[in-house]
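To keep things clear, I will list the structure first and then write my remarks on it.
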Amino acid sequence: GESVGLHLPTLSVQEGDNSIINCAYSNSASDYFIWYKQESGKGPQFIIDIRSNMDKRQGQRVTVLLNKTVKHLSLQIAATQPGDSAVYFCAEKRLTGGGNKLTFGTGTQLKVEL
Amino acid sequence: EPEVTQTPSHQVTQMGQEVILRCVPISNHLYFYWYRQILGQKVEFLVSFYNNEISEKSEIFDDQFSVERPDGSNFTLKIRSTKLEDSAMYFCASRRDSGGLPYEQYFGPGTRLTVT
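Just so you know, the protein sequences line up as chains A and B, in that order. This note's numbering puts the first sequence at residues 125 to 238. This note's numbering puts the second sequence at residues 445 to 560.
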C-alpha cells in the first residue's frame, strides 16, 4: 500500500555541522512533498515544500532534494543549531485527485550536540 | 502570528466514556483537519472538513468519531465511546484556501488523550 517512511529514527549531529534527513515514499503518484518540524510539546510546523517537477528547492538554511527515480526525499539543514533539535517528518500529497489529506512518514529525531 | 489552539492539552478518560476535543482554527481559514499520532508512530489523517461538512475521512474515522463546527470559531472532535487504542495525541489543523501553493496546513499543539 501507500507509505511514506523515514530511514533513520534518530540523527545526532554536532552544532555547526550539516544535517541530512532522509525519507522514502512508495506512491509514485505523489507529486507534492512537505517537510515538517515538530518541537517537543508542539504541533508539526511547515518548513519547506517541493513539487515533483523540481528536484531541488532551497529555503533559509534548508534544502530539499527530490529523486523521483528512487522515490527518495531529503532535507538538508546547513550549520545545524540547537534550535533545530526536533522531530522531522516528511509528508506527501497528490495535488490532483489526492483529496485533502497529508500522508506523513514516521519521523526522525534530530539531536544537536553542543 | 495567528495560531491554531487546542484544549485541553491533556485529557484522561475511562474506556467507554465520551470525549470532546476542542480546537480554534485560525480565523480566516476555511479548511479544517484532525490528525492523530499514537506515541512513537506517524501522524495519521482522520478527517477534513470544509463548508460545514466532511470532505474526506480515513478508515480510522469510524462511527465512533464525529466532528462539528458549532459556531464560527470552534472545531470539535467527539469520540463517543473511547477505547484503549484511542490513546494518542490529537492534532487539529487548518488551511486558508484551496488555491495555490504551498499547501500549508497549520497545526495546533495537540491534545494528549489517555484512555484508561
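C-beta: ideal position from N, C-alpha, C; glycine also.
Query	Result
With a threshold of 8 Å between beta-carbons, can B/Gln-485 be considered close to chain A, or not?	yes
In or out: A/Thr-230 buried (at least 16 other Cβ within 10 Å) or exposed?	buried
Taking a contact to mean a Cβ-Cβ separation below 8 Å, would you say A/Ser-215 touches A/Ile-158 in this structure?	Here residue 215 of chain A is Ala; the residue named in the question, Ser, does not match the sequence. A contact, by the Cβ cut-off of 8 Å.
Select from A/Leu-234, A/Thr-227, A/Leu-238 the residue whose C-alpha is nearest the C-alpha of A/Asn-151.	A/Thr-227
Between the region 461-474 of chain B and the region 515-530 of chain B, are three or more C-beta pairs nearer than 8 Å?	yes
Could you tell me the alpha carbon to alpha carbon distance between B/Gln-455 and B/Val-559, rounded to whole angstroms?	8 Å
Whose C-beta lies closer than 7 Å to the C-beta of B/Ile-504 among residues of the same chain, with five residues either side of it excluded?	Glu-488, Leu-490
Starting from B/Ser-499, trace the beta strand (DSSP E) both ways and give me its first and last residue.	497-501
Along the region 537-556 of chain B, what residues have a CB closer than 7 Å to any CB found in chain A?	Leu-545, Pro-546, Tyr-547, Glu-548, Gln-549, Phe-551, Gly-552, Pro-553, Gly-554
Assuming contact is defined by CB atoms lying nearer than 8 Å, are A/Ala-210 and A/Leu-234 in contact in what I supplied?	yes
As an exercise, report each continuous beta strand (DSSP E) stretch of at least 3 residues that is fully enclosed by the region 461-545 of chain B, in chain order.	463-468, 475-481, 487-494, 497-501, 509-512, 519-523, 532-539
Would B/Glu-462 pass as an interface residue toward chain A - the criterion being a Cβ-Cβ separation below 8 Å?	no
Using 8 Å as the limit for Cβ to Cβ distance, is B/Ser-531 near chain A?	no
Answer with yes or no whether the minimum CB distance from A/Asp-141 to chain B is below 8 Å.	no
Can you round the beta-carbon distance between B/Asn-472 and B/Arg-540 to whole angstroms, since I take them to be within the 8 Å contact cut?	6 Å
When you compare each of B/Ala-532, B/Gly-544, B/Lys-501 to B/Phe-476 by their alpha carbons, which one comes out closest?	B/Lys-501
Check whether the region 184-201 of chain A touches the region 503-518 of chain B, counting contact only when three or more Cβ pairs, one atom from each stretch, lie closer than 8 Å.	no
Per DSSP, which one or two residues make a beta bridge with B/Gln-455?	B/Leu-557
Is the beta carbon of B/Gly-554 less than 8 Å from the beta carbon of B/Gln-458?	no
Hey, quick one: how far does the beta strand (DSSP E) through A/Gln-162 stretch, first residue to last?	156-162
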